[in-house]
Amino acid sequence: MLGGYVGKILRVDLTSGKTSSENLNLKWARLFIGGKGLGAKYLYEEAKPGADPLSPDNVLVLMTGPLTGTTAPCAPKYAIFTKSPLTGTYLDSYMGGYFGAELKFAGFDGLIIKGKAKKPVYLWISDGKAEIKDTKGLQGLDTHETEKRIREELNDKEVKVASIGPAGENLVRTACITVDLYRQAGRGGAGAVMGSKNLKAIAIRGHGGVSVPNIEEFIEVCKEITKNDVLTEANLWAKTDGTPCFLPMTQEGGILPTRNFQMGVFEHATDIDSDAVKKIRVRRRACYGCPLGCGNLTQVKEGPFAGTIIEGPEYETLALAGSNCYINDLAAISRFNILCDKLGLDTISTGDAVAFAMECYEKGIITKKDTNGLELTFGNVKAYVEMPKLIAHRKAIGDVLAEGVKRAAEKIGKGADRFAVQVKGLEYPGYEPRGSVGMALAYATSDRGACHMRAWPANVEVFGGGDPFTTEGKAQLVINDQDLYCAKWSLVVCDFYAIKYENIARLASAATGWKLSVDDMTVIGERVWNLTRMFNVREGFTRKDDTLPHRIAKEPLKGGKADGRVVKPEDFNKMLDEYYRLRGWDKEGRPTKEKLKELNLA
Amino acid sequence: MKLEISPEKCTGCWLCAAVCSARLAGEFNPSKSAVHVESLLPEKIVIRPYVCIQCDEHPCVESCPVEAIVEDKELGIYVVDKELCTGCGACIEVCPYNGLRLDPAENTAIKCDVCRGKPRCVEICPENVLSMVEER
């Protein structure tokens, strides 16, 4: 018996208003498993090459994996797949919470959404059926209010909702999708794609189940892995601290983005580190089936932002919307965070966009005329907390920043592109490459633009006692991570469980009933990475797009262990050459015919 | 024997419900679980499981019009006789602990039977929210 999957895909055409259910393509499931692999395959096959990401031609795919909804540890996740309006590349973005499990309980492994509704709608999926419903008064509402109103309308408090806020409706290219209140498909602008389709939300309720070939054996495998491989030294940080524990580590390593990537250390780091977050933590929250429970439910206790409740802030928010904006007021970061969650904005890209605008303002490139009178200097809390609203509603400079820093810099001109820190349009996350050179390659070769979740060499070269400055061995390090992450995100297992191929294979086999070996899963990882690269090649991306931002290449970093350093373009190119060669790609970064054949992709 | 709940420790992972449903329904399906998790977010930071705690008062027993909630003398607990249950929901209404649920597919009440001695939810809970007390 094949298990793990529920066996159906829901297809939605918003233009015609028709929905239909079809069988999951099991041949593809065997080749790509689920999550990233299967979602990428469906996207690759369904997408119209060259389509405008914000046109009805773009496709939204949502995909769970064979572990979703089971007792597999740390496997709550599922992802949304589309062509990014921010980068024009392949995009996948992962969400936690309970929504993915609920989709399977409702009888579907995934969704394919095409077209554009004539007026704003939401999709209601319930026990094998789907309905496209009028949003009535939901337009313009924030994500929390949208969730609440949909539950009220459907008269079921257990309905799970993924929704966009005003940012997505206003086609902000950094708009996220918020799900289960505090979980986001953050990066790359999937929220704007929903907005472009007039799709305000997806609501799900299911009373069905997920079966596996031998449920007692499966539970035993999960328990054994939880005990011996999850609740262990490598992962317990997620339980005790959550991601804020990275902040003292990046500060120590001199790779904490500060003042729009001008500096690698933040003098007020202790105001926003893990201990600071613990002081406002009320309790922890877990996603479905997770024994780690990394979410910090915090509440601001005093001051102008008193009462703010969020799950977070996470490390990336503390870094990009904290130190990178020179903000050391944790309550203000919490306020910024909840605004982004509710308005529907990615905190990483939005933090970076605000930091970029602060530098423009300090350099006199933009003035109070552009900022609605805000004194937009680094560290100015009063101006800082207004910025998410300006961006989400496309007011004043917010309208420019809503396009992401790459397009904003082009529009602003006056050399602003020299400090717009991004790859392919996706703003840099929280690990400064001048003090962790492998990260430059990780960001350059990531399939969705500058992303820390495709490869994380900082873990070895900075936190693991390696050499953060040598280029030696970094290409292979990046490749190993990318392939491993592709495999784990095809199950889908969360980033925060440092799973290796052996347990990936065990869990995948126990759920599906296929006998999947470590070698099988290794090949699947590489296959998936090559598939997403092929999507980008088809969209015209080549070596010229695998870039090193000007600031990182030319401006010496200030402060910390990497003080005075740059990533030299010749060093970067050496790594890139080696990377393509080891990948079996040509000098332009295109997978060769032989490689594609070897991986069953041609 | 009965379950005890320390609600302040719950993270809302639903593992309790997932393993419970595996036993009761042979699949992972929280809607067929005897234990259930609720959250009051975003208004209040409250997350907690609800399950029958085999209370001394057991108003569910008296509420049942068909006497489907019967004592298991061996274990000293009250359980639902699915053959008799009509799914009227009276027990669910009357329970002050929010401890019973309705199986939507079979239209019968779901009431925890403490796994007849070795509760799976207690074993799997990563936060020790649920525990078993032998005496009652």
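Respectively, the protein sequence lines represent chains U and V. My numbering puts the first sequence at residues 1357 to 1958. My numbering puts the second sequence at residues 2 to 137. Beta carbons are placed, not taken as given, at the ideal position from N, Cα and C, and that holds for glycine.
**Message:** Check whether chain U comes within 9 Å of V:Phe101, counting only Cβ atoms and requiring the distance to be less than that.
**Reply:** Here residue 101 of chain V refers to the residue found at position 100 when the second sequence is read from its first residue. A quick correction: the sequence has Leu, not Phe, at residue 101 of chain V. Judged by the 9 Å Cβ criterion, V:Leu101 is not in contact with chain U.
**Item:** Any chain V beta carbon closer than 9 Å to U:Leu1537
**Value:** Residue numbering aside, residue 1537 of chain U sits at position 181 when the first sequence is read from its first letter. Yes - at least one Cβ of chain V is within 9 Å of the one on U:Leu1537.
**Among V:Lys74, V:Arg49 and V:Ile78, the one whose alpha carbon lies nearest that of V:Cys61** = One-based indexing of the second sequence puts residue 61 of chain V at position 60. Of the candidates V:Lys74, V:Arg49 and V:Ile78, V:Ile78 places its Cα closest to the Cα of V:Cys61.
**V:Ala91 versus V:Cys65: straight-line alpha-carbon distance, rounded** = Residue numbering aside, residue 91 of chain V sits at position 90 when the second sequence is read from its first letter. Residue numbering aside, residue 65 of chain V sits at position 64 when the second sequence is read from its first letter. Using only the alpha carbons, I get a separation of about 6 Å.
**Prompt:** Along the chain, where does the beta strand (DSSP E) that runs through U:Gln1495 open and close?
**Reply:** The count along the first sequence starts at 1 and reaches residue 1495 of chain U at position 139. No beta strand (DSSP E) holds U:Gln1495; DSSP gives it neither H nor E.
**Message:** Given this structure, state the Cα-to-Cα distance separating U:Ala1590 from U:Phe1819, to the nearest angstrom.
**Reply:** Mapped onto the first sequence, residue 1590 of chain U falls at position 234. Mapped onto the first sequence, residue 1819 of chain U falls at position 463. So the alpha carbons of these two residues sit roughly 12 Å apart.
**Request:** Would you mind giving the Cβ-Cβ distance between U:Leu1847 and U:Ile1860, rounded to the nearest angstrom? I have them listed as a contact below 8 Å.
**Result:** Along the first sequence, read from residue 1 onward, the residue named residue 1847 of chain U stands at position 491. Along the first sequence, read from residue 1 onward, the residue named residue 1860 of chain U stands at position 504. So it is a contact: roughly 6 Å between Cβ atoms.
**Item:** Contacts around U:Gly1524, its chain only, beta-carbon distance under 6 Å, and the 5 residues preceding and following it disregarded
**Value:** Counted from its first residue, the first sequence places residue 1524 of chain U at position 168. Taken in chain order, the residues that qualify are Ala1531, Gly1547, Ala1548, Met1550, Gly1551 and Gly1700.
**Request:** Please list the segments of the alpha helix (DSSP H) lying wholly inside the region 1852–1914 of chain U, counting only runs of 4 or more residues, in order along the chain.
**Result:** 1857–1868, 1874–1894 and 1906–1910
**Message:** Whole angstroms are fine: how far does the CA of U:Ile1721 sit from the CA of U:Ala1772?
**Reply:** Your numbering for residue 1772 of chain U matches position 416 in the first sequence. Your numbering for residue 1721 of chain U matches position 365 in the first sequence. Taking the straight line joining both Cα atoms gives about 8 Å.
**Request:** Look up U:Tyr1446 in the DSSP assignment and give the residues it is bridged to.
**Result:** If you number the first sequence from 1, residue 1446 of chain U lands on position 90. U:Tyr1446 is bridged by DSSP to U:Lys1439.
**Message:** Which residues of the region 1625–1646 of chain U have a Cβ closer than 8 Å to any Cβ of chain V? Give them in chain order.
**Reply:** Of all residues in the region 1625–1646 of chain U, Val1638, Arg1639, Arg1640, Arg1641, Ala1642, Cys1643, Tyr1644, Gly1645 and Cys1646 have a Cβ within less than 8 Å of some Cβ in chain V.
**Request:** Please go through the region 1361–1399 of chain U and give each complete beta strand (DSSP E) segment of 3 or more residues, from N-terminal end onward.
**Result:** 1364–1369 and 1374–1379
**Prompt:** How about V:Ala19: is its C-beta nearer than 9 Å to some C-beta of chain U?
**Reply:** For the purposes of this step, residue 19 of chain V is taken as residue 18 along the second sequence, with counting starting at 1. For V:Ala19, the answer is yes, since a Cβ of chain U falls inside 9 Å of its Cβ.
**Message:** DSSP three-state label for U:Val1761, please.
**Reply:** Within the first sequence, residue 1761 of chain U is the residue found at index 405, counting from 1. In this structure, U:Val1761 counts as helix in the three-state DSSP scheme.
**Item:** Residue-level contact to chain V via CB, U:Lys1439, 9 Å cutoff
**Value:** Along the first sequence, read from residue 1 onward, the residue named residue 1439 of chain U stands at position 83. Not an interface residue.
**Message:** At a cut-off of 8 Å, would you count U:Gly1524 as near the ligand COA, judging by its Cβ distance to the nearest heavy atom?
**Reply:** Ligands displayed in this structure: none; no statement on the ligand COA is therefore possible.
**Item:** Minimum Cβ-Cβ distance from U:Gly1564 to chain V less than 9 Å
**Value:** As a working note, residue 1564 of chain U is residue 208 in the first sequence. Yes, U:Gly1564 lies at the interface with chain V (some Cβ there is under 9 Å from its Cβ).
**Message:** Here's the rule I'm using: 16 or more other beta-carbon atoms within 10 Å means buried, otherwise exposed. How should U:Ala1965 be labelled?
**Reply:** Residue 1965 of chain U is absent from the structure shown; chain U starts at 1357 and stops at 1958.
**Request:** Spatial neighbours of U:Pro1905 within its chain, please: CB distance less than 6 Å, with the 5 preceding and 5 following residues excluded, ordered by chain position.
**Result:** Here residue 1905 of chain U corresponds to residue number 549 of the first sequence, with the count starting at 1. Here the set comprises Val1777.
**Prompt:** Residues of chain V with CB under 9 Å from U:Phe1852, in chain order?
**Reply:** Within the first sequence, residue 1852 of chain U is the residue found at index 496, counting from 1. Here the premise fails: no neighbours, minimum Cβ distance about 14 Å.
**Message:** Short of 6 Å in beta carbon distance, which residues of its chain neighbour U:Arg1894, apart from the five on each side in sequence? Order them along the chain.
**Reply:** For the purposes of this step, residue 1894 of chain U is taken as the residue at position 538 of the first sequence. Exclusion of the five residues before and after U:Arg1894 leaves Pro1405 as the residues of its chain whose Cβ lies within less than 6 Å of its Cβ.
**Message:** Just to confirm the assignment, what range does the beta strand (DSSP E) spanning U:Gly1651 have?
**Reply:** Numbered from 1 along the first sequence, position 295 holds the residue referred to as residue 1651 of chain U. U:Gly1651 -> beta strand (DSSP E) spans Gly1651 to Gln1655.
**Asked** Taking Cβ-Cβ distances below 8 Å as the criterion, which residues of the region 41–56 of chain V are in contact with chain U?
**Response** Leu42, Pro43, Ile46 and Ile48
**Asked** Can you list the beta strand (DSSP E) stretches of 3 or more residues lying completely in the region 1499–1550 of chain U, in chain order?
**Response** As far as the region 1499–1550 of chain U is concerned, its whole beta strand (DSSP E) runs of at least 3 residues are 1516–1519, 1533–1535 and 1539–1541.
**Request:** Report the neighbours of V:Thr12 on chain U: residues whose CB is nearer than 7 Å to its CB, in chain order.
**Result:** Here residue 12 of chain V is taken as the residue at index 11 of the second sequence, counted from 1. Those are Arg1640, Arg1641, Ala1642 and Gly1649, listed as they occur along chain U.
**Asked** Are any of the Cβ atoms in chain U nearer than 9 Å to that of V:Ile93?
**Response** Working through the second sequence from its first residue, we reach residue 93 of chain V at position 92. By the rule that beta-carbons nearer than 9 Å mark a contact, V:Ile93 does not touch chain U.
**Asked** Does any CB atom of chain U fall closer than 9 Å to the CB of V:Ser7?
**Response** The residue given as residue 7 of chain V occupies position 6 in the second sequence. Chain U has no Cβ within less than 9 Å of the Cβ of V:Ser7.
**Prompt:** Hey, which unbroken runs of the alpha helix (DSSP H) at 4 residues or more fall wholly within the region 39–83 of chain V?
**Reply:** 60–64
**Request:** Mind reading off the beta-carbon distance from U:Ala1970 to U:Ile1389? Whole number of angstroms is fine, and I expect it under 8 Å.
**Result:** Shown here, chain U extends from 1357 to 1958; a query on residue 1970 of chain U therefore has no answer.
**Request:** Could you round the C-beta distance between V:Ala69 and V:Cys86 to whole angstroms and report it? I think they count as a contact, below 8 Å.
**Result:** One-based indexing of the second sequence puts residue 69 of chain V at position 68. One-based indexing of the second sequence puts residue 86 of chain V at position 85. Confirmed, Cβ separation roughly 4 Å.
**Message:** Using a Cβ-Cβ distance cut-off of 9 Å, determine whether U:His1500 contacts chain V.
**Reply:** Residue numbering aside, residue 1500 of chain U sits at position 144 when the first sequence is read from its first letter. It does; some Cβ of chain V falls within 9 Å.
**Prompt:** Where does U:Gln1838 land, buried or exposed, given buried means 16+ other C-beta within 10 angstroms?
**Reply:** Taking the first residue of the first sequence as position 1, residue 1838 of chain U is located at position 482. With 16 or more other Cβ atoms within 10 Å, it is buried.
**Request:** Please check if any C-beta of chain V sits within less than 9 Å of the C-beta of U:Gly1466.
**Result:** On the first sequence, residue 1466 of chain U is found 110 positions in, with the first residue counted as 1. Chain V, which has no Cβ nearer than 9 Å to the Cβ of U:Gly1466, makes this no.
**Beta carbon proximity, U:Glu1572 to chain V, threshold 9 Å** = Taking the first sequence and counting its residues from 1, the one referred to as residue 1572 of chain U is at position 216. Closer than 9 Å to some Cβ of chain V, the Cβ of U:Glu1572 qualifies, so yes.
**Prompt:** What is the rounded straight-line gap between the Cα of V:Arg137 and the Cα of V:Asn129?
**Reply:** If you number the second sequence from 1, residue 137 of chain V lands on position 136. If you number the second sequence from 1, residue 129 of chain V lands on position 128. Residue placement at V:Arg137 is poorly supported in this model, since its pLDDT is 48, which falls under 50; the coordinates are not used for a value here.
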